[in-house]
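Trainee: Below you will find the structure I want to go over with you.
In the UniProt record's numbering, the protein residues as written are 1 to 590.
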């Protein structure tokens with residue numbers, strides 16, 4: 001019992017801070033009314049009755065009639081996907097009103113294992129942004145079908161889930177193994193449940209009996225709904241749907257269309273998942289997700305509830321998510337609740353954003369030096385990129401290509417193509433059929449544990465000249481290189497091998513664009529203000545002549561994730577995601 005807070009609430013001792021003359025957005029009752037907020041130390045001590053707009057305190061701030069909402073909460077994010085460190089991430093999202101995030105550091109953990117996890121926890125301390133770290137459940141995401149830099153077995157998960165700084169089990173991506181009761185995934189989920197921790201979900205397209213099986217396993221949320229119908233089925237089943245609006249997945253519009261007339265829904269939350277640093281600067285963070293929900297017809301107060309109170313309830317946190325006595329004083333002041341443009345932000349009772357500007361520098365924890373040396377593979381030769389057939393007399397080959405589709409729900413599928421074979425090698429150059437030109441892809445294990453390399457063919461990925469290589473290749477983050485010719489592919493891949501990761505584009509034997517990501521091949525050492533122009537420049541250059549069309553980075557990184565339907569490639573081969581099995585690249589020759 002906090003006796004001083006009780007005394008401050010009664011008025012027996014002075015409040016530390018009063019925020020007067022505000023329009024309170026009450027997330028409990030759905031009302032908006034004039035009020036004042038009283039704060040003692042880091043907690044809210046008192047909120048006045050409607051119409052009472054003044055309070056006595058040691059310090060008084062005039063809210064100037066602004067709307068006061070609770071600090072926004074992101075229920076699912078990968079900080080590494082911003083390509084920023086935790087401190088740099090905090091500096092860019094706090095001015096947008098985000099005060100709490102749930103992060104799944106499985107990107108860096110798939111590269112650096114326990115060390116990567118420990119670094120992210122340490123680097124998330126002593127920030128004004130409250131970062132709740134959930135333990136990655138899928139390292140790697142599909143262990144029979146890929147290799148990464150680490151392997152988190154049920155025994156390790158049982159150990160790590162007890163760590164200080166671990167608040168839950170992050171998205172259980174291997175939904176196939178959960179519903180088919182694979183012992184590894186069953187042990188991982190059970191370790192979290194035994195520890196009394198939340199197990200977050202990842203269940204794209206799961207429906208009917210399979211959805212019920214996933215819920216019965218103890219996993220009660222999903223951020224992968226891409227259609228309104230899918231979201232509604234999951235909501236009706238009692239699942240918590242985390243509506244996502246990221247740099248790559250725009251799910252608010254289709255889901256809002258289905259739920260906007262259903263009133264307030266207690267099992268809807270909002271999340272960002274994967275947002276690049278430039279988008280955080282230009283669009284915002286959780287205020288952008290709330291704004292998008294409002295633009296698509298969801299009542300503004302309900303949209304704010306989804307990003308505050310509902311999120312806190314989902315996290316089993318009664319100390320955040322609302323402006324009410326006893327809760328932590330995370331408060332955001334807005335000029336207008338529809339535009340969600342943030343003016344001032346208070347975290348734990350301290351003003352940290354004033355008139356849209358961060359006024360407190362965030363604590364920086366630098367990574368160990370060996371985090372800058374994580375690309376470990378031998379020199380790549382052109383023959384390593386060739387697709388060959390066994391029959392020395394073959395003249396044509398039928399091949400399983402991975403086809404990219406912008407439509408929601410199924411971004412990749414298998415597409416059979418027939419190609420010429422010249423001197424035992426499959427040739428893509430003369431293909432002019434569906435979604436031409438075809439692209440080569442090769443995935444190299446880059447963590448030093450084996451010499452795996454897998455090759456494939458892509459349709460619709462949109463590279464029309466040169467090659468692009470990346471060490472951001474979800475979620476094992478091996479080195480992937482995509483292109484139309486092997487000479488440029490070899491140069492691009494070897495450049496990343498030598499420069500320790502990032503993204504690079506090569507055209508006609510010259511490097512034309514590069515995005516350096518020295519920390520684990522995933523993150524920059526720069527802040528968002530310095531780094532974002534580099535992202536924009538990289539995108540501008542490859543979109544201009546090499547990879548036109550929307551979302552080029554998404555097309556670079558989506559081909560390697562074997563837990564998103566339907567067709568993928570890992571360092572071990574082509575994967576049929578729905579059935580979690582390998583399929584041949586070359587189907588037949590003659």
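Note that beta-carbon positions come from the ideal geometry of N, C-alpha and C, so glycine has one too.
Please state whether the Cβ-Cβ distance between residue 571 and residue 494 is less than 8 Å.
Mentor: Result no, Cβ atoms of residue 571 and residue 494 do not sit closer than 8 Å.
Trainee: Taking DSSP as the reference, what is the three-state secondary structure of residue 427?
Mentor: Looking at residue 427 - three-state DSSP - the assignment turns out to be coil, as it is neither helix nor strand.
Trainee: I need the DSSP call for residue 576, collapsed to helix, strand or coil.
Mentor: Three-state result, residue 576: strand.
Trainee: How big is the Cα-Cα spacing for residue 456 and residue 516?
Mentor: The alpha-carbon atoms of residue 456 and residue 516 are separated by roughly 26 Å.
Trainee: Kindly indicate which three-state DSSP category residue 60 falls into: helix, strand or coil?
Mentor: In this structure, residue 60 counts as strand in the three-state DSSP scheme.
Trainee: Check residue 486 in the structure and name its three-state DSSP category.
Mentor: DSSP places residue 486 in helix when its eight states are reduced to three.
Trainee: Pick out whichever of 228, 227, 198 has its Cα sitting closest to the Cα of residue 215.
Mentor: Out of 228, 227, 198, 198 has the C-alpha closest to the C-alpha of residue 215.
Trainee: With the cut-off set at 8 Å, would you say residue 476 and residue 110 are in Cβ contact?
Mentor: Cβ distance < 8 Å, so residue 476 and residue 110 count as in contact.
Trainee: For residue 46, name the three-state secondary structure that DSSP assigns.
Mentor: Correct three-state label for residue 46: strand.
Trainee: Beta strand (DSSP E) containing residue 456: first to last residue?
Mentor: Per DSSP, residue 456 belongs to the beta strand (DSSP E) from 453-459.
Trainee: Can you confirm whether the segment 294-313 touches the segment 256-273 when touching is taken to mean that 3 or more C-beta pairs between the two stretches lie within less than 8 Å?
Mentor: Taking 8 Å as the limit for Cβ pairs, the verdict is that the segment 294-313 does touch the segment 256-273.
Trainee: In this structure, how does DSSP classify residue 76 when only helix, strand and coil are distinguished?
Mentor: Three-state result, residue 76: strand.
Trainee: From which residue to which residue does the beta strand (DSSP E) around residue 244 run?
Mentor: Its beta strand (DSSP E) spans residues 240-244.
Trainee: Does the count of Cβ pairs from the segment 54-68 and the segment 15-29 closer than 8 Å reach three?
Mentor: These segments touch.
Trainee: Identify every residue that forms a DSSP beta bridge with residue 89.
Mentor: Beta-bridge pairing links residue 89 to no other residue.
Trainee: Please go through the same chain and pick out, in chain order, the residues whose beta-carbon is closer than 7 Å to the beta-carbon of residue 122, but skip the five residues on each side of it.
Mentor: So the list reads 365, once near-sequence residues are dropped.
Trainee: From residue 11 to residue 285, what does the alpha carbon distance come to, in whole angstroms?
Mentor: Going by the C-alpha atoms only, they are around 37 Å apart.
Trainee: Taking a contact to mean a Cβ-Cβ separation below 8 Å, would you say residue 596 touches residue 94 in this structure?
Mentor: With the chain running from 1 to 590 in the structure shown, residue 596 is simply not present.
Trainee: Report yes or no: do the segment 380-394 and the segment 435-445 share at least 3 C-beta pairs separated by less than 8 Å?
Mentor: With the cut-off at 8 Å, the segment 380-394 and the segment 435-445 touch.
Trainee: Bridge partners of residue 100, per DSSP?
Mentor: DSSP lists 73, 130 as partners of residue 100.
Trainee: Please classify residue 28 as buried or exposed, where buried requires at least 16 other C-beta atoms within 10 Å of its C-beta.
Mentor: That one is exposed.
Trainee: I'd like the span of the beta strand (DSSP E) that includes residue 412, first residue to last.
Mentor: Note, residue 412: beta strand (DSSP E), 412-422.
Trainee: Please return the same chain residues whose Cβ sits closer than 6 Å to the Cβ of residue 177, not counting the five positions on each side in sequence.
Mentor: Counting only Cβ-Cβ distances below 6 Å, and skipping sequence neighbours, we find 185.
Trainee: Smallest Cα separation from residue 439: which of 361, 424, 387?
Mentor: Considering only alpha carbons, the answer is 387.
Trainee: Taking only the alpha-carbon atoms, compute the straight-line gap between residue 648 and residue 153 and give it to the nearest angstrom.
Mentor: An answer regarding residue 648 cannot be provided, because it is not within the stretch 1 to 590 covered by the chain.
Trainee: Within a Cβ cutoff of 8 Å, which residues of the same chain sit near residue 257, ignoring the five residues on either side of it in sequence?
Mentor: For residue 257, where only same-chain residues beyond five positions count, the Cβ hits under 8 Å are 228, 296, 297.
Trainee: On the criterion of 16 or more Cβ atoms from any shown chain inside 10 Å, does residue 422 qualify as buried, or is it exposed?
Mentor: With fewer than 16 Cβ atoms within 10 Å of its Cβ, residue 422 is classed as exposed.
Trainee: Below 8 Å, how does it come out for the segment 462-469 and the segment 481-489: are there three or more Cβ pairs, yes or no?
Mentor: Flag = yes, the segment 462-469 and the segment 481-489 touch.
Trainee: According to DSSP, simplified to helix, strand and coil, what is residue 227?
Mentor: Coil.
Trainee: Which residue from 21, 8, 30, 65 puts its Cα closest to that of residue 39?
Mentor: Closest option to residue 39, Cα to Cα, is 8.
Trainee: Please look up how many angstroms separate the CB atoms of residue 507 and residue 448, rounded, as I've assumed it's under 8 Å.
Mentor: The pair is not a contact, with the Cβ atoms about 30 Å apart (cut-off 8 Å).
Trainee: Can you name, in chain order, every residue of its own chain whose Cβ lies under 8 Å from the Cβ of residue 562, other than the five neighbours on each side?
Mentor: So the list reads 141, 142, 145, 146, 568, 570, 575, 577, 580, once near-sequence residues are dropped.
Trainee: How about residue 335 and residue 343: do their beta carbons lie closer than 8 Å?
Mentor: Yes; because the gap between Cβ atoms is below 8 Å, this pair is in contact.
Trainee: Do residue 583 and residue 287 have their beta-carbon atoms positioned less than 8 Å apart in this structure?
Mentor: In this structure, residue 583 does not lie closer than 8 Å to residue 287 by Cβ.
Trainee: Just to confirm the assignment, what range does the beta strand (DSSP E) spanning residue 589 have?
Mentor: 586-589 is the span of the beta strand (DSSP E), which, as asked, contains residue 589.
Trainee: What runs of the beta strand (DSSP E), each 3 residues or longer, lie entirely inside the segment 315-352?
Mentor: Here the runs fully enclosed are 331-334, 342-347.
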